[in-house]
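Reading through the structure tokens given below for one structure.
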Amino acid sequence: MTAPFVILAILAIAGATAAMTLRKLVHCALALAVCFVGLAGLYLNLNAQFVGLVQILVYVGAVVILIVFAILLTRHDELPAQTSRTRIAGLGVSALVFALLAWAVTAGGAKFGAAGTQPEAAIKDIGSALMQRYVLPLEVVGLLLTAALIGAVVIAMEEKKSK
Amino acid sequence: MLGEGIVKGLAETARNFFGSYVEKDRLTTVQFPEERLPQAEAARVFPFLVYDTDDMEAGLRCVACKICEVECPPQCISIEKSTGKKPDFVGKPQFYPAKFEIDVSVCMSCQICVEVCPFEAIKMDTAFELSTDDRFGGLHWAKEQLSKPNEHYQKIHPTEAAEVDAERAEKKAKTAAAEAAKAAAEAAKAAAAKTETTETEGSAKQ
Amino acid sequence: MTQGLDQIFVTLQHWAVSHSPAAVQPAVSILLPVVGILIAFPALFAITTVLERKGLARIQNRYGPNRVGPFGLLQPMADAVKSLTKEDLVPRSADKLVHFLAPLLLVAAVFVEYAVVPVGRNMVLADMDCGVLFFFAAGAATEMSVFMAGWSSRNKYSLLGAMRAVAQMISYEAPLILSSIAVVMAAGSLSTVTIVEKQAGYSGFWPHWYVLTPWGLAGFVLFMIAATAESNRSPFDLPEGESEIIAGYLTEYSGFKFALFFLGEYLGMFAISALGITLFLGGWAAPFSFLTWVPSWIWFFGKLLVLIAVFIWVRGTLPRLRMDQLMNFAWKFMLPMTLMVIFSAGLWRFLPSGVLRWLICAAPIALLYVVLGRVLQTDRKIEKRVYRYAE
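Chains S, H and Y supply the protein sequences, listed in that same order.
Sequential numbering from 1 applies to the first sequence in this note's numbering.
Sequential numbering from 1001 applies to the second sequence in this note's numbering.
Sequential numbering from 2001 applies to the third sequence in this note's numbering.
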């Protein structure tokens, strides 16, 4: 429970809570970006440099921007302030999920303590693992991304043709 | 070839950049307070009163005829005629303006006052750097500020001033000649009257 | 002697650290380079603003600012006083917190980018294992701040400008990162210090800079074009062009916040040029082996000034690109070219050195360039004008 961990954890939780409770959608998106930055800080705290920096690059730099564009293009700015009718059931389900996750984390035998100074997953190791042991998932993910890209282009093109 | 236009454009701007240090006639900027563009001879800004000799009061050409005051479209001239008269350039006694004021902030530089003046007394000046921080009196000029010598007129509008001077010299010569002729006629008449009296005296004596 | 001059800032730092109490030594050791960055790059920004105006003016056959100080070089002082004394207008319906935070986030993100740039031998703030990745991650926050600025102003012009700016920035991030990946492949490391050290050797008197290889040259040109687009600089300044959209996402900013955006944009331009120098132009290495006596940081800043001059030159030359032209250029031209650059860099690694390697690696890039040039020029056919007259 070192000081950096506490600060980053508070940042992440505060960002996530703000993302749920704020009125304006764009504020929620920005709070989500803060939460992602907190998570990236936690990864960096664990000496996982690659994951932490890619978290910022991909999540803050692309996913949040995607969310923001979606908000802008659909123009739903203010959420109507209403309390949910299913809040008891919602609380129950979220408590259940939390209990499940806590059991999974603690029963898995994870060690809590300060991380070692040597990065456990240096970038060279990640690279060679991706190219040797995990090359098939890499290629499949690449194929998936290409399909997504082509799908996006096709959808955009359809609109132009139908005009 | 893709990108050819960009390379040619870059070469052109590089030529401009280096050329502006080397060739003198590339930079056409006139650095204002230090350098000025010459004004055209017919440039006109605001009026001024012309006086002939070194004496601003005695040589002032204006005879307070008030034609310019009446003709001025925004009515920015105000003239007060004097009570006494003074001789003008041909010697004839004329009125003169006791007060001659122009509100330069109202003046629209139309030059009508210059066009209608029969005495070549008011002309257009060319000075334009006239800003002042006195909001109330700074742009309301009195006779003393408006009067400038004929040399100034000759400097700013040389050809016009030469014409005006030639006309005035001609007029002066004509009046002088007329005066001389009149004086000669007077002298002749006096001489003729004198010979008549001597003749009558002579005939009476016989 | 030149060794001393080369390492003078490092020596100063060690002296200051050794003369400070043990408790604050780590803090002093970090803070001194930070203060150095905070002084050097904004000073460069101030000089760049006046040099840019004078450079653009000379290109346009006129004088630039020449009233304040000798040859107008104290103009930044006048600009600073002006921006500090202007009224700070915030629109009534603007989102105050976001409106306030946007310029701060931009400047903070851009300053953070300087941490991994090696300014001289042994002169880098943070020698990280993944410096290049850190740089791009910090650049991601820049896009967030542009969007925040545009949205919080509650102004349709600002919103449009912000959307266009963000779309432009994320489109050009792909060629930017891909062209730097070719360098990472060749150097074998993401650390900026390692990349510069790999380029600091000489064969004869010729340097080992990556820009002197075919894939490096193409990669450098693509990187610089993408860098111009990332910093929203002409000819890619549609989001903030004055005649296009008032001032785009900067419309509702006045006074010091506007100056902060300006600062952030220019510092971003310097940072990405610095990264380009590190990746392609050999960082602080001298161009010829007989010039290594000149201190390394002088070479770095000299190369940075040359790149800034090129930026100014391009700004004075090219007209602004339209949004669709910009997007087409990024996705249809630059992305395939960068993929071919990566392929060519791979070929370079495995071929024996010599003229043949140069030709074989240059061929695919040149071929793709010509092919794309032919295929993408769809508006070549200009038909004869048809006139319709009123009856």
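All C-beta atoms in this analysis are idealised placements derived from N, C-alpha and C, irrespective of residue type, glycine included.
Sub-8 Å separation of residue i and residue j beta-carbons
i	j	result
Y:Pro-2118	Y:Thr-2011	no
H:Cys-1110	H:Pro-1149	no
Y:Ala-2165	Y:Val-2146	yes
H:Val-951	H:Met-1108	Nothing can be reported for residue 951 of chain H, as the shown portion of chain H is limited to 1001 through 1206.
Y:Phe-2280	Y:Tyr-2210	yes
Y:Phe-2261	Y:Leu-2106	yes
Y:Pro-2235	Y:Leu-2335	no
H:Leu-1060	H:Tyr-1096	yes
Y:Leu-2307	Y:Phe-2041	no
Y:Val-2196	Y:Thr-2251	no
Y:Leu-2032	H:Ile-1006	no
Y:Ala-2141	Y:Leu-2125	no
H:Leu-1010	Y:Arg-2062	no
Helix, strand or coil at residue i according to DSSP, with G and I counted as helix
i	result
Y:Gln-2087	According to the sequence shown, residue 2087 of chain Y is Glu rather than Gln. Y:Glu-2087 falls in the coil class under three-state DSSP.
Y:Trp-2293	coil
H:Gln-1154	helix
H:Tyr-1051	strand
Y:Tyr-2063	coil
H:Gly-1084	coil
H:Glu-1101	strand
Y:Pro-2042	helix
Y:Gly-2120	strand
Y:Tyr-2202	strand
H:Ile-1077	strand
S:Lys-124	helix
Y:Met-2128	coil
Y:Trp-2015	helix
H:Ser-1147	strand
Y:Lys-2096	helix
H:Leu-1060	strand
Y:Asp-2237	coil
Y:His-2208	coil
H:Met-1108	coil
Y:Pro-2076	helix
H:Lys-1123	strand
S:Lys-24	strand
Y:Gln-2007	coil
H:Gln-1094	strand
H:Gly-1009	helix
Own chain partners of residue i with C-beta closer than 8 Å, once the 5 adjacent residues on each side are dropped
i	result
H:Lys-1066	Ile-1079, Lys-1081
Y:Phe-2333	Leu-2372, Leu-2376
H:Arg-1036	Val-1030
Y:Gly-2004	Thr-2011
Y:Ile-2365	Pro-2214, Trp-2215, Ala-2218, Met-2337, Met-2340, Val-2341, Ser-2344
S:Lys-163	Legend: pLDDT at S:Lys-163 = 49, less than 50; position of this residue unreliable, no value from coordinates given.
Close beta carbons around residue i, own chain, < 6 Å, minus the five adjacent residues each side
i	result
H:Asp-1088	Gln-1094
Y:Val-2112	Ala-2138
Y:Leu-2399	The shown model of chain Y, from 2001 to 2391, leaves out residue 2399 of chain Y, and the question about it has no answer.
H:Glu-1069	Ile-1077, Ile-1079
Y:Val-2183	Tyr-2210, Leu-2279
H:Phe-1119	Arg-1061, Val-1063
Y:Arg-2053	Gly-2064, Pro-2065
H:Lys-1194	none
7 Å CB neighbourhood of residue i in its chain, flanking five on each side removed
i	result
H:Ala-1127	Val-1045
Y:Ser-2083	Gly-2255, Phe-2256, Phe-2258, Ala-2259
Y:Met-2123	Phe-2009, Val-2010, Trp-2297
S:Ala-29	Val-64, Ile-67, Val-68, Ile-71
H:Val-1106	Pro-1074, Cys-1076
H:Cys-1117	Ile-1067, Cys-1068
H:Lys-1085	Pro-1093, Gln-1094, Phe-1095
Supposed close pair residue i, residue j - CB separation, criterion 8 Å
i	j	result
Y:Gly-2036	Y:Phe-2009	7 Å
S:Leu-143	S:Leu-130	Actually they are not in contact, since the Cβ atoms of S:Leu-143 and S:Leu-130 sit about 15 Å apart, beyond 8 Å.
S:Leu-46	S:Leu-8	That pair is no contact at about 10 Å.
Any non-hydrogen atom of the ligand COA within 7 Å of residue i CB
i	result
Y:Thr-2317	Absence of the ligand COA from the depicted structure is noted, as is the absence of any ligand whatsoever, leaving it without description.
- Counting pairs of beta carbons, one from the region 2145 to 2158 of chain Y and one from the region 2305 to 2322 of chain Y, are three or more of them closer than 8 Å? With a cut-off of 8 Å on Cβ pairs, the region 2145 to 2158 of chain Y is not in contact with the region 2305 to 2322 of chain Y, counting fewer than three such pairs.
- Report yes or no: do three or more beta-carbon pairs, one from the region 2233 to 2241 of chain Y and one from the region 2057 to 2076 of chain Y, lie closer than 8 Å? No, the region 2233 to 2241 of chain Y is not in contact with the region 2057 to 2076 of chain Y.
- Task: Tell me, please, whether the region 2253 to 2266 of chain Y touches the region 2087 to 2101 of chain Y by the rule of three or more beta-carbon pairs shorter than 8 Å.
- Result: Judged by Cβ distances under 8 Å, the region 2253 to 2266 of chain Y makes contact with the region 2087 to 2101 of chain Y, as three or more pairs qualify.
- Query: So does the region 29 to 37 of chain S actually touch the region 3 to 16 of chain S, counting three or more Cβ pairs closer than 8 Å?
  - Reply: The region 29 to 37 of chain S, when compared against the region 3 to 16 of chain S, does touch it at the 8 Å Cβ threshold.
- Query: How about the region 1141 to 1160 of chain H and the region 1043 to 1058 of chain H: do they share at least three Cβ pairs that are nearer than 8 Å?
  - Reply: A contact exists between the region 1141 to 1160 of chain H and the region 1043 to 1058 of chain H.
- Task: Decide yes or no for the touch test of the region 2222 to 2233 of chain Y against the region 2288 to 2303 of chain Y: beta carbon pairs closer than 8 Å, at least 3 of them.
- Result: Result no; under three Cβ-Cβ pairs closer than 8 Å.
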